Amino acid sequence: MDQGYKGHGAQEAKVFLSRQKKGITKTLKRHLKRRQSIEPIIGHMKQDGKLGCNYLKGIINEMNAILLGVGFNLRAILNKKLYFTAIITRLF
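Quick look at the structure:
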């Protein structure tokens, strides 16, 4: 399995990889499982947005990944708002 880009240069933070065994607590294990549930969503965002490969090295590419998530969240909020608006208009 690909472990992704590891050259982050983080000095002060502890970095945990998905297949790491040492130092894993129950809370951290739960967070890593949450990440596994997010991976298919990222795949759909990349396919629907025609983004292809998203590299995380460099500031521009990190901003691209963050804005991809922001766009996904805004679309989800808009869809919920439209759904509740449709329900309210049916009631009145």
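Take the sequence shown: its position 79, counted from the start at 1, is 671 in my numbering, and no numbers get skipped. The beta carbon of each residue, even a glycine, is placed where N, CA and C say it ideally should be. In this text the structure is predicted, and so the values were computed from the model without any measurement.
When you compare the CB positions of residue 660 and residue 634, do they come within less than 9 angstroms of one another, or not? Within the sequence shown, numbered from 1, the residue matching residue 660 stands at position 68. Within the sequence shown, numbered from 1, the residue matching residue 634 stands at position 42. Less than 9 angstroms separates the beta-carbon of residue 660 from that of residue 634.
Report yes if the C-beta distance between residue 637 and residue 663 is below 9 angstroms; otherwise report no. What you label residue 637 is simply residue 45 of the sequence shown in a count that begins at 1. What you label residue 663 is simply residue 71 of the sequence shown in a count that begins at 1. Their beta carbons are under 9 angstroms apart, which means residue 637 touches residue 663 by this criterion.
Cα-Cα separation, residue 671 to residue 621: Taking the sequence shown and counting its residues from 1, one reaches residue 671 at position 79. Taking the sequence shown and counting its residues from 1, one reaches residue 621 at position 29. Distance between the alpha carbons of residue 671 and residue 621: 32 angstroms.
At the level of alpha carbons, what is the spacing between residue 687 and residue 675? Shown here, the chain extends from 593 to 684; a query on residue 687 therefore has no answer.
First through last residue of the alpha helix (DSSP H) which encompasses residue 625: By one-based count along the sequence shown, residue 625 stands at place 33. Here the alpha helix (DSSP H) through residue 625 covers 618-640.
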